[in-house]
Amino acid sequence: AQLGAEYTDSETIMRLVNPVVLDPLRAEWAAVMAQMQPHLDKAQAATSPATATKARKAANERFQGFLHRLQQFRVLDPACGSGNFLLLSLLGLKDLEHQVITEAEALGLGRQFPAIGPENLLGIEINPFAAELARVSLWIGEIQWMLNHGFALSRSPILRNLDNIQLRDAVLNPDGTEPEWPEADAIVGNPPFLGDKKMLAALGDDYVKRLRSLYQGRVPGGADLVTYWFEKARFQCEAGLVKLVGLVSTQAIRTGNSNK
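If you're matching positions, the sequence shown starts at 9 in the working numbering and goes up one per residue.
Here you go:
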């Protein structure tokens, strides 16, 4: 709490993960299913094997295209803490992948093995313990999901390095330059919030001075610490590095310097 960190419950997390990560992908899958259906109908009604094979191949290409997109989908939490947002994003993505694979198999398009895993999640965290906890939480979540759905696990080793969780400051480099965030499809999270005076006390005059100098003209002096994550996320959108963003904040972001 002294560093502006706060535990976020699962219900609040899903209020962001659903509309930002999962709902758009569900809508895409529904659209792909609609595109596949005419080809499947054509295959069903075909009087020659060649026509049926060609139509089924066209449907399968659309399925495989979406599955590849889903399995390449990346979610970034640029203040990931112990990884709660990333864990629920992982479980949601795996559930959706399983749904897609099951529905495609029911249509006769073949069985697929789930490929989404902790590598689909990206995080930035300044606290070493929290960063390591996030890595372990994602692997445990992966293992539990696979076992609960009847899939085998790789055991050599059962846990691997997860470099996608980066241990560093998300808004200020040690040399005073602006950090780059990894490219992702969606950004979610609960960045730290600290008011003007609390920032000085918790982070020190030198850090706050360098932070405000770096973002001068983009974030007003005296704005809440959380606004720097909002500005970085805005920049990612403007640069075409991300399309969807959902960040938790306090009501204070609507007032004072934070709202300018």
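For every residue, glycine included, the Cβ atom is placed at its ideal position computed from N, Cα and C.
For residue i, the first and last residue of its enclosing alpha helix (DSSP H)
{"i": "D232", "result": "No alpha helix (DSSP H) contains D232, which DSSP labels as neither H nor E."}
{"i": "L175", "result": "Where L175 is concerned, there is no enclosing alpha helix (DSSP H), although the beta strand (DSSP E) it sits in stretches over I173 to L175."}
{"i": "I195", "result": "Element bounds for I195: not the alpha helix (DSSP H) but the beta strand (DSSP E), A194 to G197."}
Run of the beta strand (DSSP E) containing residue i, from where it starts to where it stops
{"i": "L252", "result": "L252 to L255"}
{"i": "V216", "result": "V216 -> not in any beta strand (DSSP E); alpha helix (DSSP H) instead, spanning D213 to L222."}
C-alpha distance - residue i paired with residue j, whole-angstrom precision
{"i": "L11", "j": "H76", "result": "Confidence at L11 is low in this model, with a pLDDT of 47, below 50, so its placement is unreliable and the value that follows should be read with caution. L11 and H76: Cα-Cα distance of roughly 39 Å."}
{"i": "A287", "j": "P187", "result": "The requested residue 287 does not occur in the structure, where the chain is confined to residues 9 to 268."}
{"i": "D156", "j": "V108", "result": "Rather than Asp, the amino acid found at residue 156 in this sequence is Asn. Roughly 18 Å separates the two Cα atoms."}
{"i": "G149", "j": "V196", "result": "18 Å"}
{"i": "T258", "j": "G184", "result": "27 Å"}
{"i": "N214", "j": "L208", "result": "One point to set straight first is that residue 214 is Asp, not Asn, in the sequence displayed. Straight-line Cα distance between these residues: approximately 9 Å."}
{"i": "N92", "j": "A63", "result": "43 Å"}
{"i": "P57", "j": "E111", "result": "24 Å"}
{"i": "L211", "j": "E191", "result": "28 Å"}
{"i": "A9", "j": "F121", "result": "With a pLDDT of only 48 at A9, under the threshold of 50, the placement of this residue in the model should not be trusted; the figure read from the coordinates follows. Each residue's Cα considered, the two are about 42 Å apart."}
{"i": "A142", "j": "Q52", "result": "48 Å"}
{"i": "G116", "j": "L233", "result": "52 Å"}
{"i": "Q152", "j": "N172", "result": "20 Å"}
{"i": "E133", "j": "R220", "result": "20 Å"}
{"i": "T61", "j": "G158", "result": "31 Å"}
{"i": "A114", "j": "G203", "result": "54 Å"}
{"i": "L249", "j": "L96", "result": "22 Å"}
{"i": "A39", "j": "V29", "result": "16 Å"}
Top-ranked residue by Cα proximity to residue i, from the options
{"i": "A139", "options": "G89, G125 and I124", "result": "G89"}
{"i": "A42", "options": "A66, A54, P27 and T59", "result": "A66"}
{"i": "V83", "options": "E133, F71 and L98", "result": "L98"}
{"i": "N198", "options": "G131, L249, P136 and A54", "result": "G131"}
{"i": "F71", "options": "G118, P86 and K102", "result": "G118"}
{"i": "L33", "options": "H47, I151, R143 and G100", "result": "G100"}
{"i": "Q80", "options": "K50, L180 and G125", "result": "G125"}
{"i": "D31", "options": "D103, W237 and W189", "result": "D103"}
{"i": "A194", "options": "R242, N68 and N181", "result": "R242"}
{"i": "Q174", "options": "K205, K206 and F137", "result": "F137"}
{"i": "N68", "options": "T55, K206 and D49", "result": "D49"}
DSSP-derived helix/strand/coil call for residue i
{"i": "A247", "result": "coil"}
{"i": "W37", "result": "helix"}
{"i": "N26", "result": "helix"}
{"i": "T55", "result": "coil"}
{"i": "N181", "result": "coil"}
{"i": "F71", "result": "helix"}
{"i": "T16", "result": "coil"}
{"i": "E188", "result": "coil"}
{"i": "L170", "result": "coil"}
{"i": "F201", "result": "coil"}
{"i": "V226", "result": "A small correction: the amino acid at residue 226 is Arg; Val does not occupy that position in the sequence shown. Residue state, collapsed to three classes: coil."}
{"i": "T258", "result": "coil"}
{"i": "T61", "result": "helix"}
Could you tell me which whole alpha helix (DSSP H) segments of length 4 or greater appear in the segment 78-160? Entirely contained in the segment 78-160, the alpha helix (DSSP H) runs reaching 4 residues are, in chain order, 92-114 and 136-156.
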